[in-house]
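A quick write-up on the structure given underneath.
There are 2 protein chains.
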Amino acid sequence: MDGIQLMDAPTRVSYDPAQHRGRTFHDVLPDFLAGRDDPRAYLERCLETIDLREPEVRAFVTTNVSAAREAADAARARYRAGVPLSPVDGMPIAVKDLYETADMPTQMGSPIFNGWRTNRDAASVHALRTGGAVVIAKAVTTEFGFYNPGPTTNPFARERTPGGSSSGSAAAVGAGMIPAAIGSQVIGSLIRPASFCGNHGFKPTLGALNRQGGHSGLSQATIGVHAASLEDIWATAYQIASVVGGDPGAPGLYGEAKLARGLRPERLIGLQKVGRSACSPDTQAQLEWALHALEESGVRIVTGRDDREVAELDEALLEARTISDAICGYELRWPLAHYREKYPDLLSDDISKRLDRWLTISPQEYRMMIDRRQQVRARFEALEAVSDGIVTLAATGAAPIGLSSTGDPILAVMSSLLGAPAVTLPVLSVEAMPLGLQLISFAHRDWRLLGMAMWVEQCLLHAAGRPYSREPKS
Amino acid sequence: MDGIQLMDAPTRVSYDPAQHRGRTFHDVLPDFLAGRDDPRAYLERCLETIDLREPEVRAFVTTNVSAAREAADAARARYRAGVPLSPVDGMPIAVKDLYETADMPTQMGSPIFNGWRTNRDAASVHALRTGGAVVIAKAVTTEFGFYNPGPTTNPFARERTPGGSSSGSAAAVGAGMIPAAIGSQVIGSLIRPASFCGNHGFKPTLGALNRQGGHSGLSQATIGVHAASLEDIWATAYQIASVVGGDPGAPGLYGEAKLARGLRPERLIGLQKVGRSACSPDTQAQLEWALHALEESGVRIVTGRDDREVAELDEALLEARTISDAICGYELRWPLAHYREKYPDLLSDDISKRLDRWLTISPQEYRMMIDRRQQVRARFEALEAVSDGIVTLAATGAAPIGLSSTGDPILAVMSSLLGAPAVTLPVLSVEAMPLGLQLISFAHRDWRLLGMAMWVEQCLLHAAGRPYSREPKS
Chain A
8 MDGIQLMDAP TRVSYDPAQH RGRTFHDVLP DFLAGRDDPR AYLERCLETI DLREPEVRAF
68 VTTNVSAARE AADAARARYR AGVPLSPVDG MPIAVKDLYE TADMPTQMGS PIFNGWRTNR
128 DAASVHALRT GGAVVIAKAV TTEFGFYNPG PTTNPFARER TPGGSSSGSA AAVGAGMIPA
188 AIGSQVIGSL IRPASFCGNH GFKPTLGALN RQGGHSGLSQ ATIGVHAASL EDIWATAYQI
248 ASVVGGDPGA PGLYGEAKLA RGLRPERLIG LQKVGRSACS PDTQAQLEWA LHALEESGVR
308 IVTGRDDREV AELDEALLEA RTISDAICGY ELRWPLAHYR EKYPDLLSDD ISKRLDRWLT
368 ISPQEYRMMI DRRQQVRARF EALEAVSDGI VTLAATGAAP IGLSSTGDPI LAVMSSLLGA
428 PAVTLPVLSV EAMPLGLQLI SFAHRDWRLL GMAMWVEQCL LHAAGRPYSR EPKS
Chain B
8 MDGIQLMDAP TRVSYDPAQH RGRTFHDVLP DFLAGRDDPR AYLERCLETI DLREPEVRAF
68 VTTNVSAARE AADAARARYR AGVPLSPVDG MPIAVKDLYE TADMPTQMGS PIFNGWRTNR
128 DAASVHALRT GGAVVIAKAV TTEFGFYNPG PTTNPFARER TPGGSSSGSA AAVGAGMIPA
188 AIGSQVIGSL IRPASFCGNH GFKPTLGALN RQGGHSGLSQ ATIGVHAASL EDIWATAYQI
248 ASVVGGDPGA PGLYGEAKLA RGLRPERLIG LQKVGRSACS PDTQAQLEWA LHALEESGVR
308 IVTGRDDREV AELDEALLEA RTISDAICGY ELRWPLAHYR EKYPDLLSDD ISKRLDRWLT
368 ISPQEYRMMI DRRQQVRARF EALEAVSDGI VTLAATGAAP IGLSSTGDPI LAVMSSLLGA
428 PAVTLPVLSV EAMPLGLQLI SFAHRDWRLL GMAMWVEQCL LHAAGRPYSR EPKS
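From first to last, the protein sequence lines stand for chains A and B.
With the first letter of the first sequence counted as 1, position 82 gets the number 89 in my numbering; the numbers rise by one all the way through.
With the first letter of the second sequence counted as 1, position 403 gets the number 410 in my numbering; the numbers rise by one all the way through.
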């Protein structure tokens, strides 16, 4: 009744974007207010799905079911009294385990922090609880949010990666266990797993949501949201920004409380180079289909063939991974070198080997890289005058088979480098698995980006023969 | 033998800038290398002073003497072998208790964090230990680095404040208990206590030193150094930057490993408005004396009378406190509102009352304030073409009597707002107490600023009739 189509088997759930919607929250609010449904009942349905799916998906490190039930009961009382605190009141969420929670440990995917408790909520968690959200679990992350994966499996194929580093957040939403989860991205840690797990994933403008109380201080780190609907994404992001603002020094998230129901983009940049060689013909065909459908609906797709500045951006973005890796590598000397010295047996070989390389990056090279990043950003921002952003895939294909790698982030890293807002829509499919269509807009255009995403999603579902309504079900 | 003149009485030590030098470290290095002295012996001398002064000064929250002795012994072995790790090898330091230490709790001046351990070193602490520094203590801070003072007294007059929030760091260096300490500043938390306690205090360019693992995420927060000499300040700052760089995304500290021995400034801006009304005639006379002495030595002091853009800067800086308070207030909704909700009895009334006001600041007002800050920065930076920076007092007078307030930050807040490097020199005196002369330079000119400070200090000590040599003693 809340928009979920239950996965029909725990071991293999093939993905059809025209059928899958996941568990949404936004559409049940009228039922909550009308007394036909309530947050506790909603939570219990989530817990049923968790019981069914979690043994295989392994999205969670820690759960706190009793606290969640207590919070859901309090939310139920508020709806009954007609005074919900916010559009996320009663919404069950999970929090990527890089972000602190007062009632659960924060373990960062590392044995160094086994059972580590800080007795406080991260800014985002505080803001969501202030709005009545029901924090049910800490979600698996890779080791410190980098490469070494946790135990999570892809909710649509247990032999495939869920992506990383927001592995548990993406998988939990993809499996319909919860409607929304906090994730974060430095390279491709939110957009990529959202694509692999059939989520709507939103990486806001750099600094738009307060990431304090989270353990990633990297200059590209951005907290974001995985959800089964764009409305739930915006409600979550808006709630965080309303209570705790953005990162200190940043102007925070701009936009209205209510998401625009559909803003048709006029012109979108189509990239011809980045990630192209990594995509299979089937994957590429999905993108071509989407671009064609958008053009059919009047969106102009601008490529490097049409515009020299677009061609230069396309070329410049080929360096996004290299520049990002060097910047992050330099920034990681602390804490990782400290951890290696203090806990030599508890840091993975994978991180340790990368650290050896990162420690050779000089301050001069780092400065050159942040200058180059700034140049690419300026090049992109100049295109705001002539376009609404970029349309591309969110990943180079379906989630790869195997759990030892979290997949190629080449298409997700662009928005990290640009500090620009990005969203992925679970509207494509390859190998019977989800594939996200990604939209990237300009810094601080988050609200407009999600409004465009709403339009694009409706456009593509219509083109796919399933024009579904976003009206709440009765 | 290491440049210290021991305080002659624990209860009252009147201050004479021509006599006081504090405990320096830089000048003992030749003795260490020659085997005439060693880090363990140096540490023991520090411990003797601590035994003598700490019962009254109360600079430290936690000490770890056994770990310090072990680290000093290791440093001694390195000097004996002729292979010290860095210019801070063997240097005893204290760390402001907002910054994490693996071997001591991090309590932030708040009972909420009584005994709180994170089992890791902050970036700065890691970097200093990597260079062989001997971490001896955590130094008292006001509650979360804001207003509510700890128990520390001024080392030159126990009835007076040491200033805050880097109270313990400044007092410990002022009392000669240690040669250097980590402090930090958001409003006036380093420059002001350094002035009150007769320190050389250095607040670098915003972001120049990595402040991760510290609990102040505010957009003006800057980690810095208190020391008895400029050489020790630069050695400490340079060591931090070399190992862990600056804040993520910032280019970090620029400059050479060795401090310039004296760079004469050509033109310095003299302010005529900021703090003027708060200074007593005696205090003002100290500044006039210093400006006169500098002019006698060929430095041109430029004021608003000479230059319209300087007049406009002078006027704009009158707003530094207002803008900074609004920015910090908004940025403090997390964690302070979270702490108040979770630990209602453990947050001071002082913070709680301020928080009520801070919570009324809207995102729009915050954005307006960060724009205004940017405008003042741009106004100052435009003057780089025609000046070497600002010369002013570091505080509006001697440390005030009474321990309930940490004094007026109006002269220290300017560099925080500007994100500019600032240094205070203990070369003036009023009421037989220390008074700092402050130099502020332009962003990333830290090395040049300290070189100018070296020249200014020598110039003023010469003018005061005590031209002392900076050559190491034999």
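Idealized CB from N, CA, C, for every residue including glycine.
The region 183 to 199 of chain A and the region 102 to 113 of chain A touch, with three or more beta-carbon pairs separated by less than 8 Å. Pairing Ala48/A with Ile185/A, the inter-Cα distance amounts to about 13 Å. Shown here, Ala182/B sits in coil according to DSSP, grouped into three states, outside any helix or strand. Residue burial is scored here from C-beta neighbours: Ser223/B has at least 16 other C-beta atoms within 10 angstroms and is therefore classed as buried. Counting of Cβ neighbours within 10 angstroms places Pro433/B among the buried residues, the total reaching 16 or more.
In the DSSP assignment, Lys210/B is bridged to Ala429/B.
In chain order, Met184 place their CB closer than 6 Å to the CB of Ile57/B, counting only its own chain and leaving out the 5 sequence neighbours on each side. Runs of alpha helix (DSSP H) with 4 or more residues, each lying fully within the region 137 to 188 of chain B, are found at 174 to 181, listed in chain order. In the three-state scheme derived from DSSP, where H, G and I count as helix and E and B as strand, Val95/A is classed as coil.
In the three-state DSSP reduction, Lys349/A falls in the helix class (H, G or I). Ile408/B counts as exposed, since fewer than 16 other beta carbons sit within 10 angstroms of its beta carbon. Between Leu216/A and Gly262/A a beta carbon distance of about 12 Å is seen, past the 8 Å cut, so the two are scored as non-contacting. Spanning the alpha carbons of Gly181/B and Ser369/A requires a straight line of approximately 36 Å.
Annotation: Glu338/A to Ile358/A spans about 14 Å, alpha carbon to alpha carbon. In the three-state DSSP reduction, Met115/A falls in the coil class, being neither helix nor strand. Using beta-carbon distances, Asn217/A counts as an interface residue toward chain B, with a partner under 8 Å. When secondary structure is reduced to three states using DSSP, Ile368/A falls in the coil class, being assigned neither helix nor strand. Closer than 8 Å to the CB of Pro255/B there is at least one CB belonging to chain A. Around Arg127/A, the beta-carbon contacts reaching into chain B at under 8 Å are Pro342, His345, Tyr346 and Lys349. Per DSSP, reduced to three states, the secondary structure at Ala101/A is strand. The way I'd put it, the region 415 to 426 of chain A does touch the region 317 to 330 of chain A; three or more beta-carbon pairs between them come closer than 8 Å. Look at Ser131/B here: in three-state DSSP terms it is helix. For Ser436/B, the pairing in a beta bridge is given by DSSP as Pro441/B. Bounds of any alpha helix (DSSP H) do not take in Arg274/A; it lies within the beta strand (DSSP E) bounded by Arg274 to Gly277. Within the region 374 to 422 of chain B, the runs of beta strand (DSSP E) that reach at least 3 residues and sit entirely inside it are, in chain order, 397 to 400. Contact fails between the region 391 to 410 of chain B and the region 273 to 291 of chain A, because fewer than three Cβ pairs, one in each stretch, are under 8 Å apart. In terms of CA proximity to Ala66/A, Gly175/A leads the group Ala41/A, Arg52/A, Gly175/A and Leu50/A. Look at Ser73/A: its C-beta is not under 8 Å from any C-beta on chain B.
From the beta-carbon of Glu372/A, no residue of chain B is found nearer than 9 Å; the closest lies around 11 Å away. In the three-state DSSP reduction, His27/A falls in the coil class, being neither helix nor strand. When secondary structure is reduced to three states using DSSP, Thr108/A falls in the strand class.
Beta-bridge partners assigned by DSSP to Ala234/A: Ala187/A and His207/A. Three or more Cβ pairs closer than 8 Å define a contact, and the region 237 to 256 of chain A meets that threshold against the region 456 to 468 of chain A.
Interface flag for Ser226/B against chain A is set, since a Cβ pair is found closer than 8 Å.
For Gly277/A, there are no neighbours in chain B by C-beta distance under 9 Å, as the nearest C-beta there is about 30 Å away. Closest by C-alpha distance to Glu391/A, out of Glu464/A, Pro272/A, Gly170/A and Ile377/A, is Pro272/A.
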